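Under our numbering, the first residue of the sequence shown carries the number 3, and numbering increases by one thereafter.
For glycine and all other residues, C-beta sits at the position ideal for the given N, C-alpha and C.
These figures come from a predicted structure and were not determined experimentally.
Below: one structure, written as structure tokens.
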Amino acid sequence: MGRTCRGICEMHEALPAPNKIRYEIGQKRCTFCGIFMSTCDARCMCCKAVLRTKPRSKKK
Ligand SMILES: [Zn+2]
Ligand SMILES: [Zn+2]
Numbered sequence: 003m004g005r006t007c008r009g010i011c012e013m014h015e016a017l018p019a020p021n022k023i024r025y026e027i028g029q030k031r032c033t034f035c036g037i038f039m040s041t042c043d044a045r046c047m048c049c050k051a052v053l054r055t056k057p058r059s060k061k062k
């Protein structure tokens with residue numbers, strides 16, 4: 003299945019926020035489109051990729 007960024011994500015792009023708190027305030031990242039979105043959906047409405055809801059790594 004081909005994933006394509008159709009530009010829809012840009013219309014749903016999350017408000018600017020420090021990266022640190024983006025996941026905390028419910029923003030989700032589409033790693034395919036490369037942007038954060040404000041959505042309650044588990045998948046990107048643009049490319050259908052599963053959205054990331056947690057930081058990639060916990061470095062201490
Ligand atoms: Zn997109
Ligand atoms: Zn996407």
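**OP:** Let me know the beta strand (DSSP E) ranges lying completely inside the stretch 32-60, each 3 residues or longer, listed in chain order.
**Re:** Taken in chain order, the unbroken stretches of beta strand (DSSP E) that lie wholly in the stretch 32-60 and span 3 residues or more are 37-40.
Original post:
How would you call lysine 30, buried or exposed, if buried means at least 16 neighbouring beta carbons within 10 angstroms?
Top reply: Classified as buried, lysine 30 has 16 or more neighbouring CB atoms from the shown chains inside 10 Å of its CB.
**OP:** Please report the residue range of the alpha helix (DSSP H) in which arginine 11 lies.
**Re:** The amino acid at residue 11 is misidentified as arginine; the sequence shows cysteine. Unbroken alpha helix (DSSP H) run through cysteine 11: 10-13.
**OP:** Can you grab the Cα-Cα spacing for the pair alanine 44 / tyrosine 25, in whole Å?
**Re:** The straight-line gap separating the alpha-carbon atoms of alanine 44 and tyrosine 25 is approximately 13 angstroms.
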